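To start, the structure under review is shown below, and the notes come after it.
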Amino acid sequence: MLNTKLGSLPPLGKFLDPVNGFWQNAESSDIQASQHVKPKGLKQNVEVRYDQHLIPHIFARNTSDLNLVSGYITAYHRLWQMEFQTHDAAGRLSEIVGEVTLNRDRAKRRQGMVTAAKFTLEEWEKDPEIMEAINAYTIGVNDYIHSLRYRDLPIEYKLLNYQPEPWTKLKCSLLLKYMAAMLTLSESDIENTNAVKLFGIEQFNTLFPEFPDGIDPVMPSGTQWDFKSVEVKKPVDFDSLPWVKTRAYPHPPKMLGSNNWAVSGQKTKSGNPMLANDMHLGLNLPCIWFQMQYNTPDINVFGHTIPGVPMIVTGFNDSIAWGFTNAYRDLVDWYKIKFRDDSRNEYLFDGKWLATNKIVEEIKIRDKASFYDTIVYTHHGPIVYDQNFSKDGEKLNLAMKWVAQNATSEPIAFINMSKAHNYKEFSQAIKDFECPPQNMAFACVDGDIALNIQGKYPVKWPGQGKFILDGLRKDHEWQGYIPVEQNPHILNPERGFVSSANQIPADQLYPYYAYTNFFENNRNRRINHVLRAKNDITKQDMMDLQNDVYSLRAEDILPFMLEKVDHTSSDQSVQDILTTLQNWNYEFQYSEKAPSYFTIWWETLYNSIWDEFNTDSIALDKPNRYNTIRLLKTSKDSPFIDIRETPEKETATDLVNASFIKTLDQIKAWENSHSEEITWQFYKNTSINHFMPSLSSFSYENLAIGGNGTTPNAATGRWGPSQRLIVDLGTPIRAWSTYPGGQSGNPGNKHYDHFIPSWTKGEYFPVLFMHHPDEAKDKIIFRQHFESTL
Amino acid sequence: MKTILRIISIAVLALIAESFLPWWSIAIVSFAILVVIPASSSWNALLSGFAGIFLLWLALSWKIDFETASILTEKVANIFQLDKPVYLIVITALTGGLTGAFAAWCGHSFRKAFFETTT
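Protein chains in written order, with the working numbering: chain V, 1056 to 1845; chain W, -8 to 110.
Okay, here's the thing in structure tokens:
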């Protein structure tokens, strides 16, 4: 009995055994690895130096050895996470955790994640440079896995009582698809379609404008484009949108975002260009990033890797630095499919019946029989929604066309970015980077700064894919892709800086249709405002801006709310709240109450304006907050201001006052149910959760960090800066970094949460950038020798 | 005297066995010791098996907890909804002790059944 798993408890005897069980995962020193390792297949000896933050600096004599050791080391620190995330990507979580994740797995299978990862791996196999790296990395990971006894397994395996399986090349590909899914699935096609049906196209365009007032695109407004763009034919008749009630699974939250900027030497105190990047993702432990330095005769690069993929994603080398933010655009379109009959063997397209391709997916479920899901593929893509996978058994068939379903070669782009010495080489390297599209900020020791919006974007006619498309019609298909050299890019702009924070890529002068409902309009305006005003920028200024908590949303709307609200209440506590808000400087400091008051009030107001959208029976998105503020301040008689449930006709003043009264109740209710004061820290509750939500003691809650989704320091409840990096491109090149986690994936190691305090406080550690294994001896805490046995 | 010898033998041999074999080797050791060094009664057998493994697991888990400043004990105790790391040490020792006791009793009975037939 003590050797079998009881419900949610691990097998007790096996787990509690101090010699082999979880006790062995408790580490008294920084690292307990062996100093001499002899992995099979290593061609020459490799030296590894760990600095005091447990960041490995790998010195290899060839690329194959570098990747082999990288695989071994990454698995040593992050094996459970690597495997768990690839299981998630492949729709295999139910194998480990049981039926609770079945719908999540089905969605992944139906999106065609595994098929796409296989295509992609086939594409990689044509490129010997990619395969050399992926093969060696896979050997390294497996060498480590094979060395493991039960006592050495990461604690999560012991708690959930299962074993790691061998690593495969496909898993590397799956992980890049996992990132692509995280960053490109944001779309509102179904919601938009429903909104047009409900409110009419004119009203829809007012509520969801594509170019709202006051925006500040990534490419400075007025940028001229001197290329001849690809022509795109818009169908003349475009109506009869199908009605889709609900989504079977929610689309990703809108909190994902990032900041990057580069300033030229003319704006910095030192005269060196500087670059800053913080990528905002879900706050999870172990952290999604693992920092490493790679040194071979060909490269010397430091940066962030995704555990499971050997390449450096963002970072810097001896000459250049680069950083990413997600370049949102509508990259998923839905085609309504008409089948000939219930067998779903044929579907109608362009007047002809075409054959479908069916794949039966077996989803293994822990302690239960497997679930089999038949997925029907059309030439548009897999049918994600059908009667077997919709909320109410709705009779519809929607095929998903998604850029991430293409075979792509990002690894070679990463390899060449690591090797690049200047903008010419960098801009050449990124051409192979297709998905997920990124705003790539660049800075170089030669003085150049640049920003390229890089990815493979379909050419679309205005409005194409904003709504559900007709899968019967050829003229509803994508007509091609934007030529890579016609992607927006800018080198050394006059204003002396480049920046991006997930906003609209360019103004209306850019000849291609670039739509999404997910552009962010606060952080980028704040960053640009600060960068325009500042000269003699230092590294501290860059850090301050990454940690800036000034909210333009609050600045935009709070004065309006305070002007409309009734100030005559005799209740002292009400007067205190109003005074706190009046004296507030719009900074979301964690220790203050004003951000909590404002957030409750504004969200209540926002929801009361869009009461028309409060329905569970139809998938609908509310107009975004940026545009809501503009509508509220300018259009007095919008029918949406009125609350439909009441006979009176409400005005903006009525809504502001009604929402304020509700706010007072909510504040009281919160204070009654919490022992803490209602400061922003506790109201917001920024937490960093272990990937397994049930393991809450491996997680961190109520972190003392300010900011919200509208401030450059975009730490929300569950999302936020997943790393921060600042690079000064002088001689020598210097960098500072932190991230919400630590290098070790082991909750029993002190490096599991090592960076969390500094990340929370907005502090950085200086990055150790080495050139030789024997330098900086005082900063090295562990030396590891990998010996070749050949 | 023999009881103390049994307890020490079980603890030492279990530690050696466990270093190479899975955790259940503690049961084999307890069983075997009770076959080799006979106990006067079932109670005595139970006590030897319990004390041998209880003391071994208590010492080992306490040592790890102390050396690592409870870095992991606290978190795991929390998963098991225990207030203090020390409870996890006690539960660990009890789990081992009970396993040892049961195996020792089996060893004792086995010896009585096959080696000490009186008729």
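The beta-carbon is built from N, C-alpha and C at its ideal position, and this holds for glycine as well. Only a predicted model underlies this, so the values are computations on that prediction, with no experimental measurement involved.
Query                                                                                                                              : Result
CB of residue -6(W) within 9 Å of CB of residue 38(W), strictly                                                                    : yes
Cα-Cα separation, residue 1516(V) to residue 1678(V)                                                                               : 23 Å
Residue 52(W) at chain V interface by Cβ criterion, 9 Å                                                                            : yes
Proximity below 9 Å, CB of residue 1076(V) to CB of residue 1125(V)                                                                : no
Closer than 9 Å to chain W by CB, residue 1079(V)                                                                                  : yes
Per DSSP, cross-strand counterpart(s) of residue 1906(V)                                                                           : Outside the shown range of chain V (1056 to 1845) lies residue 1906(V), about which nothing can therefore be said.
Residues bridged to residue 1513(V) [DSSP beta-bridge criterion]                                                                   : 1536(V)
Segment contact flag, the segment 1203 to 1218 of chain V with the segment 1131 to 1149 of chain V, C-beta cutoff 8 Å, min 3 pairs : yes
Interfacial residues, the segment 4 to 16 of chain W to chain V, with Cβ spacing under 8 Å                                         : 6, 9, 10, 13, 14, 15
Residues near residue 1653(V) by beta carbon distance below 8 Å, same chain, minus five either side                                : 1609, 1613, 1636, 1639
Straight-line gap, residue 1352(V) to residue 1122(V) (C-alpha atoms, nearest Å)                                                   : 14 Å
Chain-ordered neighbours of residue 1083(V) on chain W, where CB pairs are closer than 7 Å                                         : 58, 59
Given residue 1681(V) as reference, the closest of 1611(V), 1645(V), 1748(V), 1651(V) once Cα atoms are compared                   : 1611(V)
Neighbourhood of residue 62(W) by C-beta distance below 6 Å, restricted to the same chain and skipping five residues each side     : none
Proximal chain W residues relative to residue 1805(V), where beta-carbon distance stays under 8 Å                                  : 62
Where residue 1370(V) falls: helix, strand or coil (DSSP)                                                                          : strand
Contact between the segment 1732 to 1739 of chain V and the segment 1569 to 1583 of chain V (3+ Cβ pairs under 8 Å)                : no
Supposed contact pair residue 19(W) and residue 90(W) - C-beta distance, whole angstroms, cut 8 Å                                  : Rounded, the Cβ-Cβ distance is 11 Å, inconsistent with contact.
Residue nearest to residue 1766(V) in terms of C-alpha spacing, selected from 1510(V), 1838(V), 1607(V), 1687(V)                   : 1607(V)
Short CB-CB distance (under 9 Å) between residue 1553(V) and chain W                                                               : no
Residue 1088(V) versus 1818(V), 1814(V), 1801(V), 1815(V), residue with shortest Cα-Cα distance                                    : 1801(V)
Residue range of the alpha helix (DSSP H) that includes residue 1789(V)                                                            : Segment 1789 to 1793 is the beta strand (DSSP E) holding residue 1789(V); no alpha helix (DSSP H) there.
Where residue 1670(V) falls, given that 16 or more other Cβ within 10 Å makes a residue buried                                     : exposed
Nearest candidate by alpha-carbon position, reference residue 1794(V), set 1345(V), 1104(V), 1166(V)                               : 1345(V)
Whole-number beta carbon distance between residue 1271(V) and residue 1834(V), since they are thought to touch under 8 Å           : The Cβ separation is near 41 Å, so there is no contact.
Amino acids of chain V, ordered along the chain, whose beta-carbon sits closer than 8 Å to that of residue 20(W)                   : Within chain V, no residue comes near residue 20(W); the closest Cβ sits about 12 Å away, beyond 8 Å.
Unbroken beta strand (DSSP E) run spanning residue 1315(V), endpoints                                                              : 1312 to 1318
Cβ shell of residue 1419(V) (< 6 Å), same chain only, five flanking positions each side left out                                   : 1150, 1425
Proximity below 9 Å, CB of residue 1117(V) to CB of residue 1093(V)                                                                : no
6 Å CB neighbourhood of residue 1676(V) in its chain, flanking five on each side removed                                           : 1243, 1246
Host alpha helix (DSSP H) of residue 1467(V) (start-end)                                                                           : 1465 to 1474
Short Cβ contact (9 Å threshold) for residue 1314(V) with residue 1579(V)                                                          : yes
Where residue 1275(V) sits in the DSSP three-state scheme                                                                          : coil
Residue 1417(V) versus 1161(V), 1233(V), 1348(V), residue with shortest Cα-Cα distance                                             : 1161(V)
C-alpha distance - residue 1529(V) paired with residue 1287(V), whole-angstrom precision                                           : 13 Å
Assigned exposure category for residue 1554(V) - 16 Cβ within 10 Å defines buried                                                  : buried
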